[in-house]
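Participant: The following block contains the structure, expressed as structure tokens.
There are 2 protein chains.
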Amino acid sequence: MEIQFLGTGAGQPSKQRNVASLALKLLDELNEIWLFDVGEATQHQILRTNIRLRKVTKIFVSHNHGDHIFGLPGLLATRSFQGDVGPITIYGPAGLEQYVRTALKVSKTKVSYPIKFIELTGDALIYKGQGFKVYTKKLDHRVASYGFRVEEESRPGELLVDKLAQYHIPNGPIYGKLKAGEKVELEDGNIIDGKDFLGPERPGRIVSIIYDTRSTPAIAELSKNADVLVHESTFGGNEAKLAYSYYHSTCVQAATVARDNGVGMLYLDHISARYLGNDAKKLERQAQKVFENTRLANDFDYMVIPMKGSEK
Amino acid sequence: MEIQFLGTGAGQPSKQRNVASLALKLLDELNEIWLFDVGEATQHQILRTNIRLRKVTKIFVSHNHGDHIFGLPGLLATRSFQGDVGPITIYGPAGLEQYVRTALKVSKTKVSYPIKFIELTGDALIYKGQGFKVYTKKLDHRVASYGFRVEEESRPGELLVDKLAQYHIPNGPIYGKLKAGEKVELEDGNIIDGKDFLGPERPGRIVSIIYDTRSTPAIAELSKNADVLVHESTFGGNEAKLAYSYYHSTCVQAATVARDNGVGMLYLDHISARYLGNDAKKLERQAQKVFENTRLANDFDYMVIPMKGSEK
Ligand SMILES: [Zn+2]
Ligand SMILES: [Zn+2]
């Protein structure tokens, strides 16, 4: 499980940051990549990564502002040029489907694969399958805007090989059955239970993605115990009033949510072009005073999210 | 009068070429810039030039394929962020307005200036004013596609200062009147005619822009005596059959039009991603065998179009 930022800017592209998009890479887990928001030129950013559009199977769209959706028609069209592409599902607010369908219709784009739209309406479990759940909650923006929480299901504990050796249980095909938690009869007639030879269940990872919103209680609910929280940070720590009036958040509000909800790592995203270079670093420092594990996200930044309890 | 290529690729963006767009800079003439086609990320390309979106007053769209229009909503939205922007006029095929209006409506983009759409329908003079005329003709593409011919009106000849000196006419305010071709009474009562002291009328410049099309007679008509012809060149010289079946042109077809119609300079544009580096140069060499003044257009290439008869 990996995250790569494709655009970390706000409102309009700058030379430093493209408009919003990030990729949740589930290649080891599902051989799939999920995108969150698709600002203009997201496909151009992807050209500079190792992401193949064929692998993008789901797109989640937080809200319909142009800097979050104007890259969608072009990305869908280009995905069509790749051979043997499967269906794609797009989760987004009302109106998104009309926008995409109109763009494809007017441009006479024949997409070579099925596109399914799922309209976000309120707080809901919007996807469950393949060992993952995705929840949304409505946030507080000028237009309907949704936050996302991706939960990986917990996995069975690891097989305790040392303990098996203590019991003189020889390596072989029965290891597979024990690992699956099954009961197995040994050659001497004894029956052993795989569950006795498994370490503790390993909790799945949690990623929370909060694009455009004012500070609002739904964010804490989506972020509870997240391994990684990606949170918009359109304004500086001392601009809470401005953030409120523009329906956005400050870096300190993001850090406060992270600190109060057992978050592992916070990434500040959706950085205004008013914060260039060192000024953007200032947002990071302000947030770190509240929550140390904060990083400023930059375009193409890349992180691996390790399983809980595994070596980092 | 200058041209800058913003995207010289075809179909989808590549690392080398963005999708279609070019700027006709009329800064000295009108303090305006006109765009021809607006593929996705045209505004991103513009970030890397000295073009200010405020100066873009007209956008001409050849046809509605995605690689020619998907940058339009984002560019219009970003133009809005610049202070004190005037109206913009968009010339394009039926359907373009619906696409743009839907994108702006769904994204709740409030554009700060009026947008006027003028629908292209057939062969027509679509603009006349400020010393310029723009003509369109329908080309032969899979969807309705239009070529453009921009004609600058001819300008009066230069004032022949040496001749005035021969006639002992002193420099002064009357020079302005003579330059305007007026009659002037001198102090000695003699009347002289400005027209006798003007050099030959200087013909205006002509720029022809031919995006996606098969070889078709309308191209010659649009290109007659053009100073600069920008012509799509999606296929190589020996792929005329392929070009025909995909409704595109070859580099040699472009060069033949240029040779047979008194064109000054030909730029090969709309280069397929199949032609990388040296292969693209091959298109140029093939065309140069037919018409020597051919150049392969690359993103950000820039050329000044001098007045006819002026020093180059
Ligand atoms: Zn935004
Ligand atoms: Zn094209």
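If you read the sequences in order, they're chains A and B. If you count the first sequence from 1, position 86 lands on 74 in the numbering used here, and the numbers rise without skipping. If you count the second sequence from 1, position 202 lands on 190 in the numbering used here, and the numbers rise without skipping. Glycine included, C-beta positions come from ideal geometry on N, C-alpha and C.
(1) Would you mind working out which of A:S196, A:T201, A:G169, A:G250 sits nearest P188 of chain A, comparing C-alpha positions?
(2) Would you identify the three-state DSSP class for R89 of chain B, choosing helix, strand or coil?
(3) Closer than 8 angstroms by beta-carbon distance: list the chain B residues that pair up with N52 of chain A, in chain order.
(4) Does the beta-carbon of S100 of chain B have 16 or more other beta-carbons within 10 angstroms, so that it is buried, or is it exposed?
(5) Classify V245 of chain A: buried if its beta carbon has 16 or more other beta carbons within 10 angstroms, exposed otherwise.
(6) What are the boundary residues of the alpha helix (DSSP H) that includes G200 of chain A?
(7) Taking a contact to mean a Cβ-Cβ separation below 7 angstroms, would you say A243 of chain B touches F(-7) of chain B in this structure?
(8) Roughly how many angstroms separate the alpha carbons of T238 of chain B and H129 of chain A, rounded to a whole number?
(9) I'd like to know if A8 of chain B contacts chain A, where contact means its C-beta is closer than 7 angstroms to some C-beta of that chain.
(10) Whose Cβ in chain A lies nearer than 7 angstroms to the Cβ of I87 of chain B?
(11) Please report how far the alpha carbon of E146 of chain A lies from the alpha carbon of I157 of chain A, in whole angstroms.
(12) Under a CB-based cut-off of 7 angstroms, is H32 of chain B close to chain A?
(13) Does the separation of the CB atoms of S327 of chain A and Y134 of chain A fall below 7 angstroms?
(14) Tell me, please, whether the CB atom of A132 of chain A is closer than 7 angstroms to any CB atom in chain B?
(15) In chain order, which beta strand (DSSP E) runs of at least 3 residues are fully inside the segment 203 to 238 of chain B?
(16) So that I know if they touch, is there some Cβ in chain A lying closer than 7 angstroms to that of E28 of chain B?
(17) With which residues is G80 of chain A paired in a DSSP beta bridge?
(18) Checking 7 angstroms against the spacing of the C-beta atoms, do L127 of chain B and T204 of chain B come in under that value?
(19) How big is the Cα-Cα spacing for G83 of chain B and G(-1) of chain A?
(20) Is it the case that the Cβ atoms of E220 of chain A and H258 of chain A are separated by a distance below 7 angstroms?
(21) Between the alpha carbons of E272 of chain B and N281 of chain B, how many angstroms are there, rounded?
(22) If you draw a straight line from the C-alpha of S2 of chain A to the C-alpha of I39 of chain A, how long is it?
(23) Just to confirm before moving on: does the CB-CB distance between V94 of chain B and N159 of chain A stay below 7 angstroms?
(24) Among the candidates A:I179, A:A132, A:V138, A:E141, whose CA atom is the shortest distance from the CA of Y155 of chain A?
(25) In this structure, does DSSP put I57 of chain B in helix, strand or coil?
(26) Keeping to the same chain, check which residues put their C-beta closer than 7 angstroms to that of Q4 of chain B; ignore five residues upstream and five downstream.
(27) Mapping the DSSP letters down to three states, classify R193 of chain A as helix, strand or coil.
(28) Considering just the uninterrupted stretch of the alpha helix (DSSP H) at K165 of chain B, what are its terminal residues?
(29) Are Q276 of chain B and V240 of chain B close, meaning C-beta to C-beta below 7 angstroms?
(30) Using a C-beta to C-beta distance shorter than 9 angstroms, which residues of chain B count as neighbours of P1 of chain A?
(31) Relative to ligand 1, what is the chain-ordered list of residues with a Cβ closer than 7 angstroms to any of its non-hydrogen atoms?
(32) Report, in whole angstroms, the separation of the C-beta atoms of G305 of chain B and K171 of chain B, which I expect to be a contact under 8 angstroms.
(33) Drop a sphere of 10 angstroms on the beta-carbon of L113 of chain A, count the other beta-carbons inside from all chains shown, and report buried for 16 or more, exposed for fewer.
(34) Look up E17 of chain B in the DSSP assignment and say whether it is helix, strand or coil.
(35) Establish whether the CB of F48 of chain B and some CB of chain A are separated by less than 7 angstroms.
(36) If you reduce the DSSP assignment to three classes, tell me which class I34 of chain B lands in.
Facilitator: The answer reads as follows:
(1) Position 200 of the first sequence, counted from the first residue, corresponds to residue 188 of chain A. Nearest C-alpha to P188 of chain A: A:G169.
(2) The residue you call residue 89 of chain B lines up with position 101 of the second sequence. Looking at R89 of chain B - three-state DSSP - the assignment turns out to be helix.
(3) Here residue 52 of chain A refers to the residue found at position 64 when the first sequence is read from its first residue. Those within 8 angstroms of N52 of chain A in chain B are V94, S95, K96.
(4) By one-based count along the second sequence, residue 100 of chain B stands at place 112. It counts as exposed.
(5) The residue you call residue 245 of chain A lines up with position 257 of the first sequence. Flag for V245 of chain A reads buried.
(6) Translated into positions along the first sequence, residue 200 of chain A becomes position 212. Just to set this straight, residue 200 of chain A is Asp in the shown sequence, not Gly. Here D200 of chain A belongs to no alpha helix (DSSP H), and DSSP marks it neither H nor E.
(7) Within the second sequence, numbered from 1, the residue matching residue 243 of chain B stands at position 255. Within the second sequence, numbered from 1, the residue matching residue -7 of chain B stands at position 5. Not in contact: A243 of chain B and F(-7) of chain B (Cβ atoms no closer than 7 angstroms).
(8) By one-based count along the second sequence, residue 238 of chain B stands at place 250. By one-based count along the first sequence, residue 129 of chain A stands at place 141. Near 51 angstroms, if we compare the C-alpha coordinates of H129 of chain A and T238 of chain B.
(9) On the second sequence, residue 8 of chain B is found 20 positions in, with the first residue counted as 1. No, A8 of chain B does not count as interfacial toward chain A.
(10) In the second sequence, the residue the question calls residue 87 of chain B occupies position 99. Note that residue 87 of chain B is Tyr in the sequence shown, not Ile. The answer, in chain order, is T90, A91, V94.
(11) As a first step, residue 146 of chain A must be located in the first sequence, where it is residue number 158. As a first step, residue 157 of chain A must be located in the first sequence, where it is residue number 169. Taking the straight line joining both Cα atoms gives about 16 angstroms.
(12) In the second sequence, residue 32 of chain B corresponds to position 44, counting from 1. It does; some Cβ of chain A falls within 7 angstroms.
(13) No answer is possible for residue 327 of chain A: it lies beyond the span of chain A, which begins at -11 and ends at 300.
(14) For the purposes of this step, residue 132 of chain A is identified with residue 144 of the first sequence, where counting begins at 1. It does not; no Cβ of chain B falls within 7 angstroms.
(15) 216 to 220
(16) The sequence position of residue 28 of chain B within the second sequence is 40, counting from 1. Yes, E28 of chain B lies at the interface with chain A (some Cβ there is under 7 angstroms from its Cβ).
(17) Taking the first residue of the first sequence as position 1, residue 80 of chain A is located at position 92. Bridge partners of G80 of chain A: A:E107.
(18) On the second sequence, residue 127 of chain B is found 139 positions in, with the first residue counted as 1. On the second sequence, residue 204 of chain B is found 216 positions in, with the first residue counted as 1. Their beta carbons are under 7 angstroms apart, which means L127 of chain B touches T204 of chain B by this criterion.
(19) Counted from its first residue, the second sequence places residue 83 of chain B at position 95. Counted from its first residue, the first sequence places residue -1 of chain A at position 11. For G83 of chain B and G(-1) of chain A, the distance between alpha carbons rounds to 27 angstroms.
(20) Residue mapping note: residue 220 of chain A aligns to position 232 of the first sequence, counting from 1. Residue mapping note: residue 258 of chain A aligns to position 270 of the first sequence, counting from 1. A contact, by the Cβ cut-off of 7 angstroms.
(21) Residue 272 of chain B sits at position 284 when you count from the first residue of the second sequence. Residue 281 of chain B sits at position 293 when you count from the first residue of the second sequence. Approximately 10 angstroms, taken between the alpha carbons.
(22) Locating residue 2 of chain A in the first sequence gives position 14, counting from the first residue. Locating residue 39 of chain A in the first sequence gives position 51, counting from the first residue. Straight-line Cα distance between these residues: approximately 22 angstroms.
(23) Counting from 1 along the second sequence, the entry for residue 94 of chain B is found at position 106. Counting from 1 along the first sequence, the entry for residue 159 of chain A is found at position 171. No.
(24) By 1-based counting over the first sequence, the position of residue 155 of chain A is 167. With distances taken between Cα atoms, Y155 of chain A lies closest to A:I179.
(25) Here residue 57 of chain B refers to the residue found at position 69 of the second sequence. Here I57 of chain B sits in helix by DSSP.
(26) Locating residue 4 of chain B in the second sequence gives position 16, where the first residue counts as 1. Correct list, in chain order: L264.
(27) Here residue 193 of chain A corresponds to residue number 205 of the first sequence, with the count starting at 1. Of the three classes helix, strand and coil, the one that applies to R193 of chain A here is coil, per DSSP.
(28) Here residue 165 of chain B refers to the residue found at position 177 when the second sequence is read from its first residue. Per DSSP, K165 of chain B belongs to the alpha helix (DSSP H) from 162 to 167.
(29) As a first step, residue 276 of chain B is located in the second sequence; it is residue number 288 there, counting from the start. As a first step, residue 240 of chain B is located in the second sequence; it is residue number 252 there, counting from the start. No; because the gap between Cβ atoms is not below 7 angstroms, this pair is not in contact.
(30) What you label residue 1 of chain A is simply residue 13 of the first sequence in a count that begins at 1. Per Cβ cutoff of 9 angstroms: A29, Q31, H32, L35, G62, T66.
(31) A:A(-2), A:G(-1), A:A8, A:H53, A:D55, A:H56, A:Y199, A:D200, A:H258
(32) Because chain B here runs from -11 to 300, residue 305 of chain B falls outside it and cannot be looked at.
(33) On the first sequence, residue 113 of chain A is found 125 positions in, with the first residue counted as 1. Classification for L113 of chain A: exposed.
(34) Mapped onto the second sequence, residue 17 of chain B falls at position 29. If DSSP states are grouped into helix, strand and coil, E17 of chain B belongs with the helices.
(35) By one-based count along the second sequence, residue 48 of chain B stands at place 60. Taking Cβ atoms only, chain A never reaches closer than 7 angstroms to F48 of chain B, which makes this a no.
(36) Numbered from its first residue, the second sequence carries residue 34 of chain B at position 46. I34 of chain B: helix per DSSP, three-state reduction.
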